[in-house]
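Note that full-length UniProt numbering gives residue 464 to position 464 of the sequence shown, counting from 1, and the numbers run on in steps of one. For every residue, glycine included, the Cβ atom is placed at its ideal position computed from N, Cα and C.
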Amino acid sequence: MHTDFDRCVRAVRSRDARFDGWFFTAVLTTRTYCRPSCPAAPPKDRNMTFYPSAAAAQQAGFRACKRCRPDAVPGSPRWNERADLVARAMRLIGDGTVDREGVQGLADRLGYSARQVERQLLAELGAGPLALARAQRAQTARILIETSALPMADVAFAAGFASIRTFNETVREVFALTPTELRTRASGTGAPAAPGTLTLRLPFRAPLCPDNLFGLLAATAVPGVEEWRDGAYHRTLRLPYGHGTVALSPRPDHIACRLALTDQRDLAGAISRCRRLLDLDADPEAVDALLRTDPHLAPLVGKNPGRRVPRTVDAEELAVRAVLGQQVSTAAARTLAARLVVAHGEPVAVPDGGLTHLFPSAQALAALDPADLAMPAGRRATLVRTVEALASGELALGVGSDWAGARDRLAALPGIGPWTAELIAMRGLGDPDAFLPTDLGVRRAAARTGLPATPAALSRHAAAWRPWRAYAVQYLWAADDHAAARMPASV
C-alpha cells in the first residue's frame, strides 16, 4: 500500500480512517509522521512520503504527530489475514517476544535464522525486529505515562527499556516531548483510574457490531474465569510475568479497557491479547464488501455490518474448551470447564465481582486423573491426549504458530474432528478463513437463507467467500436467534 503514492495521497486528502494502520504519512517539512486521517491540513504532495510502519518512520527520523497520535492506530489487518513468516513475526513481536527473548528467541520460535527474519521484516516493513519492538516499547511507555501514577523509573522498566537514559531518549525522539511533559499534557483529560488499574481506549476500524462479540463471550463464560457484569466482559489473564484481570466494554468509537496487572511489564502483551480477543485489527470494509456479493449473505451483512470473530486470549485454553464442548450444550460445557477451574486453576485475589481463578494451564491439566472427568470415555481420552500434546509442546497453538501445521497436528489427535479443528483454527489461531460447514447453527441458518444445507454443498458454495469464511460463519450464527448473537443484558 505505502508504495502506491497516488492512492496514499488520496487517502490523506480525504482523511480516510479506513487506512489508519495500513501506512503512515511522513511530512518532510515538519519531520513528523501521521495517520492518514490526521485532522491537520494535508501537506503538499511533494512534502509527503509514506512508510509501512510507525517503526520505519521513527527509524527515518520522524516523530509522532501530537494531534493524531499515529502510534495509537489499530494494527494492520495484514497480520490477521496471513500466516507467513512476516505475519507470524509481527504477532510474536506484538506479544512481547523480542523484549522477553531477544531477536534470536523470535527467530527460534519461527524456525528461521535471525538474519532471515531481519531481512524479511526490513523488506516488507522497512524496520527490523529491534526497531519494531522499540516502537512498541515507546507506545507502552506512553500509555503508562498517561494513564498511571507510576514513577518514571518504574514506567521505563515496565515498558521494557534497559535503562532510564534509553527511555528518556526514546520518548523524546518519538514524541518530541519528555516523559514529564507527556504526563503533564495528559493530566485532567479523564477520570482517574482506581489504584493499581490502567484505563485505556482500544481503537478499531469502523464499523464494529459488538453483538456477537460480547454475546458469545458472555454466553460461554466460564464461572470464576469470566463474567459479564456492569455492561462489561471481565476475565482473568495468564501472562508471561504474572497475571491480571481485564474489563472490556463497547463504545461508539473505541473499546473501553480497564486492566489490573500484577507486573506492569505485561502491559503490551495484555493489550495485544485483548485486541486479538475482540478481532480489533480487522478490516470490516474489505470483509463485508466481499460477503455482500453473495445475495444470500447480503441481507445479513446489510442488517449488522462490521461483525468480528470472537477469538481468545489463550489458544491452549480455547483448545481445551473446544474439546469439552464437543456434542454437549453450552451450559454443559461451561459446567465441565468450571469444575476443571476449581480443581486445577490457580486462585487469584480480585477485590470485586466473581473472578476467582486463572484457567488451568496445560501443564496443570496434564496431571489430572482421567477418572475424575465426568464425560464419556471417548471424549475423556481426547481431552487427555490434547492436554498431553499441549503440555509437551507437540501441539503448538501460540500466536506465532503456523496455521496449516497446527491443523495437521490437531487432525492427528484422536477425537479431534473437522468441527473441533476448525473452531480452534477460527477462535484460537485467528485464521479468518476457518469454516464450520458441519456446525448445526451454520446449517440451520444456511437452510433459512436459501444456501445449500449439506456440508459438502455448502463448502463448495462458500469457496467464493474466501479468505473471509470465518466472518461468514459469524453472520450465519447471528441469523439464528440465539443469546450468543445478541448483546448480553447488563447485570
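*Where does Ala232 sit, in a helix, a strand or coil, going by DSSP?*
strand
*Look at the alpha carbon of Gly125 and the alpha carbon of Tyr471, and state the distance between them as a whole number of angstroms.*
The sequence given here has Leu at residue 125, not Gly. Each residue's alpha carbon lies about 27 angstroms from the other.
*For Leu413 versus Thr438, is the C-beta distance shorter than 8 angstroms?*
no
*asked:* I'd like the list of long-range same chain contacts for Pro360, defined as Cβ closer than 7 angstroms, with 5 residues on each side in sequence excluded.
replied: Leu340, Val341, His344, Gly345
*Which of helix, strand or coil DSSP assigns to Pro240*: coil
*Using alpha carbons as the reference points, say which of Gly215, Val323, Ala478, Arg486 lies closest to Glu422.*
Val323
_Close-in-space but distant-in-sequence residues of the same chain around Tyr233 (CB under 6 angstroms, 5 per side omitted)_ = Phe214, Leu217, Leu248
*Which residues in the same chain have their Cβ closer than 6 angstroms to the Cβ of Leu28, if we skip the five residues on either side of it in sequence?*
Asn47
*Which runs of the alpha helix (DSSP H) spanning at least 4 residues fall entirely within the region 436 to 460, listed in chain order?*
440 to 449
*Counterpart residues of Phe50 in DSSP-defined beta bridges*: Thr25
_6 angstroms CB neighbourhood of Arg15 in its chain, flanking five on each side removed_ = Ser37
*Indicate whether Thr236 and Leu358 have their beta-carbon atoms separated by less than 8 angstroms.*
yes
*How about Gly269 and Asp84: do their beta carbons lie closer than 8 angstroms?*
no
*Could you check the C-alpha separation between Cys34 and Ala446 for me, to the nearest Å?*
44 angstroms
*Can you name the start and end residues of the beta strand (DSSP E) that Arg201 belongs to?*
197 to 202
_Please give the ranges of any beta strand (DSSP E) in the region 248 to 326, keeping only runs that are unbroken, at least 3 residues long and fully inside the region._
255 to 261
*Where Trp79 and Ala54 are concerned, what is the direct C-alpha to C-alpha distance, given to the nearest angstrom?*
15 angstroms
*Answer yes or no: do Arg427 and Thr312 have a C-beta to C-beta separation smaller than 8 angstroms?*
yes
*So what does Ala64 bridge to, in DSSP terms?*
Tyr33
*Name the DSSP beta bridge partners of Leu358, please?*
Glu346
*In terms of residue numbering, what span does the alpha helix (DSSP H) encompassing Asp408 cover?*
403 to 411
_Going by beta-carbon coordinates alone, are Asp480 and Arg444 separated by less than 8 angstroms?_
yes
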